[in-house]
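Heads up: the structure comes next, in structure tokens.
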Amino acid sequence: MVKTLNKILFFVILSLIVQSCAKPIADFTMSANEVKAPSNVQFTNDSKKAESYFWDFGDGNTSDQESPGHKYYLSGKYTVKLTAKKGKKMSEIEKEIIVEAPHDCTVEMETTAGTITIRLSDATPAHRDNFIKLAESGYFDGTLFHRVIDGFMIQGGDPDSKGAPAGKRLGMGGPGYTVPAEFVDTLVHVKGALAAARQGDQVNPEKRSSGSQFYIVDGKPASSQELDIMEARKGIKYTKEIRDIYNTIGGTPFLDMEYTVFGQVVKGLDVIDNIASVRTDGADRPTEDVIIKHVKVIK
457 MVKTLNKILF FVILSLIVQS CAKPIADFTM SANEVKAPSN VQFTNDSKKA ESYFWDFGDG
517 NTSDQESPGH KYYLSGKYTV KLTAKKGKKM SEIEKEIIVE APHDCTVEME TTAGTITIRL
577 SDATPAHRDN FIKLAESGYF DGTLFHRVID GFMIQGGDPD SKGAPAGKRL GMGGPGYTVP
637 AEFVDTLVHV KGALAAARQG DQVNPEKRSS GSQFYIVDGK PASSQELDIM EARKGIKYTK
697 EIRDIYNTIG GTPFLDMEYT VFGQVVKGLD VIDNIASVRT DGADRPTEDV IIKHVKVIK
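Heads up, the sequence shown is in this note's numbering, so the first residue is 457 and it goes up one at a time.
Printed below as a string of structure tokens:
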């Protein structure tokens, strides 16, 4: 009986020693091996005998969560590495993920009211490239939506608005240059359109755009009669699709072919509505600042 108990005890101790000396085994799966930017990827940790984890997503970002999710913004081939640890022992595994470029260049505008995703148009290359250059340099970070008119538009991009005290006159700042107008028949002021602000015709007959200030259309539904008048006045012809959008979702058609439209909100129209409805002062500036925290370019 004693021998039997000793034998059992021996195997229990041996088992504990083996387990304590066992090396962790790193392993994981991901929700997709190929995605299109921007895209969220979920990582599932399948490691064995590990106590802690360290993830390197290959794009400069890391995590110590067990099974994290990660958003890839830029296209490329990334090597994801998981390090599983137990005490001083560790195990590593690497897998590749391919992030394809989006069909169109898009930007994510993070504001204190929410995030807006905007598709930039290839039909307006000068405005597209200028906006990308400013965004990548951090030019818009910390600026305000300094002019907001419900049912019309929300305007930002003035560098003088950074940290501007209440009552300061805004709307005159810029990078020191303008951009030639780029009017395209199919780029119009429907709700969510991104367009360039500019000085008036008296001092700017060429309708050149501000180097940095922009606005996003809020607008109101326009009747077919209103659109007929705009067509006759401006010598343009709206497609049925554009007419339907103006009739139902709305916009500001009286601005068409007057200000360059160079993008369209594809996600976050509710954020536009929220910003447009904030309380403003006599100069149309929100009484509580709406800040553009960061504009990220997705390639």
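Note that beta-carbon positions come from the ideal geometry of N, C-alpha and C, so glycine has one too. Quantities reported herein were computed from a predicted structural model and do not represent experimental measurements.
**Prompt:** Do T573 and G724 come within 7 Å of each other at the CB atom, strictly closer than that value?
**Reply:** Here residue 724 corresponds to residue number 268 of the sequence shown, with the count starting at 1. Here residue 573 corresponds to residue number 117 of the sequence shown, with the count starting at 1. Cβ atoms of G724 and T573: closer than 7 Å.
**Item:** DSSP state of I473 mapped onto helix, strand, coil
**Value:** What you label residue 473 is simply residue 17 of the sequence shown in a count that begins at 1. In this prediction, I473 scores a pLDDT of 49, lower than 50, which makes its location untrustworthy; the coordinate-derived value is nonetheless stated afterwards. Residue state, collapsed to three classes: helix.
**Request:** Find the nearest neighbour of S487 within the set G516, I554, S508, judged by alpha-carbon distance.
**Result:** Walking along the sequence shown from the start, residue 487 turns up at place 31. Distances from the alpha-carbon of S487 to those of G516, I554, S508 put I554 closest.
**In DSSP terms, what V717 is bridged to** = On the sequence shown, residue 717 is found 261 positions in, with the first residue counted as 1. V717 pairs with A651.
**Message:** So F639 and A653 are supposed to be a Cβ contact under 8 Å. How far apart are they, rounded?
**Reply:** Along the sequence shown, read from residue 1 onward, the residue named residue 639 stands at position 183. Along the sequence shown, read from residue 1 onward, the residue named residue 653 stands at position 197. Actually they are not in contact, since the Cβ atoms of F639 and A653 sit about 15 Å apart, beyond 8 Å.
**Request:** Provide the residue(s) that pair with Y761 in DSSP beta bridges, ordered along the chain.
**Result:** Past the edges of the chain, shown from 457 to 755, lies residue 761, and the structure says nothing about it.
**Prompt:** Between which two residues does the alpha helix (DSSP H) harbouring K589 extend?
**Reply:** The sequence position of residue 589 within the sequence shown is 133, counting from 1. Run containing K589: 581-592, per the alpha helix (DSSP H) assignment.
**Request:** Mark M686 as exposed unless 16 or more other C-beta atoms lie within 10 angstroms of its C-beta, in which case mark it buried.
**Result:** In the sequence shown, counting from the first residue as 1, residue 686 sits at position 230. So M686 ends up on the buried side.
**Request:** Kindly indicate which three-state DSSP category F710 falls into: helix, strand or coil?
**Result:** Residue numbering aside, residue 710 sits at position 254 when the sequence shown is read from its first letter. Note: F710 maps to helix in three-state DSSP.
**Asked** Roughly how many whole angstroms lie between the Cα atoms of R689 and A678?
**Response** Locating residue 689 in the sequence shown gives position 233, counting from the first residue. Locating residue 678 in the sequence shown gives position 222, counting from the first residue. Those two C-alpha atoms are separated by around 15 Å.
**Request:** Give me the Cβ distance between E566 and K755, rounded to the nearest whole Å; I'm assuming they're in contact under 8 Å.
**Result:** Position 110 of the sequence shown, counting from 1, holds the residue named residue 566. Position 299 of the sequence shown, counting from 1, holds the residue named residue 755. The pair is not a contact, with the Cβ atoms about 17 Å apart (cut-off 8 Å).
**Asked** Are the beta-carbon atoms of P806 and F499 separated by less than 7 Å?
**Response** The structure shown has nothing for residue 806, since the chain only spans 457 to 755.
**Item:** CA nearest to the CA of S577, picked from F596, D520, V644, L538
**Value:** Locating residue 577 in the sequence shown gives position 121, where the first residue counts as 1. Closest by alpha carbon: V644.
**Request:** Please report how far the alpha carbon of E550 lies from the alpha carbon of P631, in whole angstroms.
**Result:** Here residue 550 is taken as the residue at index 94 of the sequence shown, counted from 1. Here residue 631 is taken as the residue at index 175 of the sequence shown, counted from 1. So the two alpha carbons sit approximately 45 Å from each other.
**Request:** Please determine, among G514, I728, G675, the residue with the shortest C-alpha to C-alpha distance to G570.
**Result:** To locate residue 570, count along the sequence shown from 1; it is residue 114. Checking every option, the nearest Cα to that of G570 belongs to I728.
**Message:** For D641, count the other beta carbons within 10 Å of its own beta carbon; 16 or more makes it buried, fewer makes it exposed. Which is it?
**Reply:** Walking along the sequence shown from the start, residue 641 turns up at place 185. With fewer than 16 Cβ atoms within 10 Å of its Cβ, D641 is classed as exposed.
**Request:** Could you tell me which residues DSSP pairs with Y528 in its beta bridges?
**Result:** Working through the sequence shown from its first residue, we reach residue 528 at position 72. Bridge partners of Y528: S495.
**Message:** In the DSSP output, which residue or residues are listed as bridge partners for G570?
**Reply:** Within the sequence shown, the letter at position 114 stands for residue 570. DSSP, once it has assigned bridges, lists T567 as partnering G570.
**Asked** Given that a residue counts as buried once 16 or more other Cβ atoms are within 10 Å of its Cβ, and exposed if not, what is I610?
**Response** Numbered from 1 along the sequence shown, position 154 holds the residue referred to as residue 610. Label assigned to I610: buried.
**Prompt:** Would you call the segment 707-724 and the segment 527-535 in contact, with 3 or more CB pairs under 8 Å?
**Reply:** No contact exists between the segment 707-724 and the segment 527-535.
**Request:** State the Cα-Cα distance for the pair D512 and V717, rounded to the nearest angstrom.
**Result:** As a working mapping, residue 512 is identified with position 56 in the sequence shown. As a working mapping, residue 717 is identified with position 261 in the sequence shown. Separation of D512 and V717 (C-alpha to C-alpha, rounded to the nearest whole angstrom) is 40 Å.
**Span of the alpha helix (DSSP H), counted from its first residue to its last, around V727** = What you label residue 727 is simply residue 271 of the sequence shown in a count that begins at 1. That run of the alpha helix (DSSP H) goes 725-732.
**Request:** Note the first and the last residue of the continuous alpha helix (DSSP H) segment covering Q669.
**Result:** Along the sequence shown, one-based indexing puts residue 669 at 213. Taken as a continuous stretch (DSSP letters only), Q669 belongs to no alpha helix (DSSP H), as it is neither H nor E.
**Prompt:** When we look at the beta-carbon of I672 and count the other beta-carbons within 10 Å, is it buried (16 or more) or exposed?
**Reply:** The sequence position of residue 672 within the sequence shown is 216, counting from 1. Around the C-beta of I672, 16 or more other C-beta atoms lie within 10 Å, and the residue is accordingly described as buried.
**Asked** Looking at C-alpha atoms only, which residue of E507, P558, E552, D560 is the closest neighbour of G543?
**Response** As a first step, residue 543 must be located in the sequence shown, where it is residue number 87. When each option's Cα is compared against that of G543, the closest is E507.
**Message:** If you measure between the beta carbons of A622 and K663, is that distance less than 7 Å?
**Reply:** Residue mapping note: residue 622 aligns to position 166 of the sequence shown, counting from 1. Residue mapping note: residue 663 aligns to position 207 of the sequence shown, counting from 1. Contact: no.
**Asked** Along the chain, where does the beta strand (DSSP E) that runs through K690 open and close?
**Response** Indexing the sequence shown from 1 puts residue 690 at position 234. If you look at K690, you'll find it isn't in any beta strand (DSSP E); it sits in the alpha helix (DSSP H) that goes 680-690.
**Prompt:** Hey, quick one: how far does the beta strand (DSSP E) through R603 stretch, first residue to last?
**Reply:** Translated into the one-based positions of the sequence shown, residue 603 becomes position 147. Element bounds for R603: 601-605.
**Request:** Could you name the residues of the same chain whose beta carbon sits closer than 6 Å to that of G514, not counting the 5 residues immediately before and after it, in chain order?
**Result:** Residue numbering aside, residue 514 sits at position 58 when the sequence shown is read from its first letter. Within the same chain, G514 has close Cβ partners Y534, T535, V536.
**Request:** Take T580 as the anchor and find which of S680, A651, G691, E490 has the nearest alpha-carbon.
**Result:** In the sequence shown, residue 580 corresponds to position 124, counting from 1. Closest option to T580, judged by alpha-carbon separation, among S680, A651, G691, E490: A651.
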